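Residue numbers (the working numbering): 20 to 339.
All C-beta atoms in this analysis are idealised placements derived from N, C-alpha and C, irrespective of residue type, glycine included.
What you are looking at is a predicted structure, and each value in this text was computed from that prediction instead of being measured.
One structure is given here, and the rest of the page talks about it.
So this is what it looks like as structure tokens:
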């Protein structure tokens, strides 16, 4: 199946389905490779990766498919310049940059033919990034796991606002709250050319996180996430002992020093790699409540595409 949109044309992919770059979850070759092979865009999350591991993952994906793939690069990470040098040397097909300005990378990567997409969480940032010359935007709404926008504006509203602000002049990817084909149809109806799927792909054999983390996502309901750490690098996480303690401190207006100590003592690695489901940061989006079972990543891509076709076929048509 092929679904042609502004984003599929930009990226050279068959389906407007992007794997969200998620630290640890997609910091490997297996999951991005499976998504790219299935016709979407697989994304390697460079955030927690050492240069040697990142290079190996890029090479493995390249050996496994001739389809496009991307690397997600948080520009604030330690050793960012070294990683950018590596990505430039590897001449990756697509760069997805977040948490920094396009001026840090744009000219050098466009000069080698890399498609450059930038993650934004507001209309103002979207317009600025578009004016800088990025090739596409990933618009993250409040439902998203990890680091949603501070204002928590829903994807439904934010993507539509960015589409209006950019006047259809740049391809958009909607991110936050998508788990199935109906969500993809909703994203495209807002003016996006694709949807970013993150939490859904945590529940896959290929995801690089602990089995307990995957099961926690499967077991979660739509109301089982919460945002904590406002002013400290706010995250959306599944409820656990860490999240409950943070929420209680915030409700009590505890001193920043106390809140920061608790927030910093917990890490995503604790949950993702060490399997500490009580005290680790179990980052996940509200769409966890739409995830019901573990499935291979390639099958998920195919299911999303099939369900999208059914969804749009079932939509009421205007009466004459």
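For residue j and residue i, the rounded distance between their alpha carbons
i, j, result
"residue 229", "residue 238", "15 Å"
"residue 91", "residue 338", "45 Å"
"residue 67", "residue 335", "46 Å"
"residue 331", "residue 87", "27 Å"
"residue 134", "residue 213", "15 Å"
"residue 137", "residue 78", "23 Å"
"residue 120", "residue 102", "16 Å"
"residue 241", "residue 176", "19 Å"
"residue 207", "residue 39", "17 Å"
"residue 21", "residue 322", "13 Å"
"residue 243", "residue 305", "7 Å"
"residue 24", "residue 324", "13 Å"
"residue 59", "residue 46", "17 Å"
"residue 298", "residue 333", "44 Å"
"residue 29", "residue 190", "8 Å"
"residue 162", "residue 155", "21 Å"
"residue 311", "residue 157", "26 Å"
"residue 150", "residue 187", "13 Å"
"residue 164", "residue 108", "31 Å"
"residue 265", "residue 201", "34 Å"
"residue 296", "residue 111", "34 Å"
"residue 317", "residue 211", "23 Å"
"residue 139", "residue 62", "17 Å"
"residue 275", "residue 259", "21 Å"
"residue 313", "residue 141", "33 Å"
Option nearest residue i by Cα separation, candidates the options
i, options, result
"residue 234", "248, 245 and 218", "218"
"residue 9", "103, 197 and 42", "This structure gives no information on residue 9, because the portion of the chain shown stretches from 20 to 339."
"residue 129", "115, 199, 61 and 308", "115"
"residue 184", "315, 118, 201 and 143", "143"
"residue 326", "285, 45, 146 and 34", "34"
"residue 80", "209, 253, 49 and 173", "49"
"residue 303", "267, 28 and 43", "43"
"residue 178", "247, 205 and 201", "205"
"residue 220", "210, 29, 36 and 26", "36"
"residue 123", "141, 93, 110 and 55", "93"
"residue 170", "253, 257 and 307", "253"
"residue 272", "260, 41, 248 and 193", "248"
"residue 118", "309, 159 and 71", "159"
"residue 286", "267, 256 and 173", "256"
"residue 100", "148, 172, 236 and 127", "127"
"residue 280", "290, 261 and 292", "261"
"residue 307", "245, 290 and 292", "245"
Residue i - containing alpha helix (DSSP H), residue span
i, result
"residue 321", "316-333"
"residue 200", "200-208"
"residue 219", "Run containing residue 219: none; DSSP gives neither H nor E here."
"residue 4", "What the structure shows of the chain is the stretch from 20 to 339, and residue 4 is not part of that stretch, so it cannot be assessed."
"residue 194", "Per DSSP, residue 194 belongs to no alpha helix (DSSP H); it is in the beta strand (DSSP E), 191-194."
"residue 185", "174-185"
"residue 127", "125-129"
"residue 79", "70-83"
"residue 146", "142-151"
"residue 279", "275-284"
Counted within 10 angstroms of its Cβ, other Cβ atoms place residue i as buried (16 or more) or exposed
i, result
"residue 329", "exposed"
"residue 283", "exposed"
"residue 300", "buried"
"residue 31", "exposed"
"residue 95", "exposed"
"residue 51", "buried"
"residue 270", "exposed"
"residue 69", "exposed"
"residue 132", "exposed"
"residue 82", "exposed"
"residue 315", "exposed"
"residue 278", "buried"
"residue 250", "exposed"
"residue 199", "buried"
"residue 193", "buried"
Distance between beta carbons of residue j and residue i, contact taken as under 8 Å
i, j, result
"residue 195", "residue 167", "7 Å"
"residue 125", "residue 152", "6 Å"
"residue 13", "residue 181", "Because residue 13 is not part of the residues shown, which for the chain are 20 to 339, the question remains open."
"residue 64", "residue 320", "Contact flag wrong, Cβ pair sits at about 18 Å."
"residue 231", "residue 294", "5 Å"
"residue 55", "residue 84", "5 Å"
Run of the beta strand (DSSP E) containing residue i, from where it starts to where it stops
i, result
"residue 136", "134-139"
"residue 16", "Outside the displayed range of the chain (20 to 339) lies residue 16, so it cannot be described from this structure."
"residue 88", "88-93"
"residue 213", "213-216"
"residue 36", "36-38"
"residue 257", "254-257"
"residue 117", "113-117"
"residue 63", "61-64"
Check: residue i C-beta below 6 Å from any heavy atom of the ligand GTP
i, result
"residue 143", "Because no ligand of any kind appears in the structure shown, any question about the ligand GTP cannot be addressed here."
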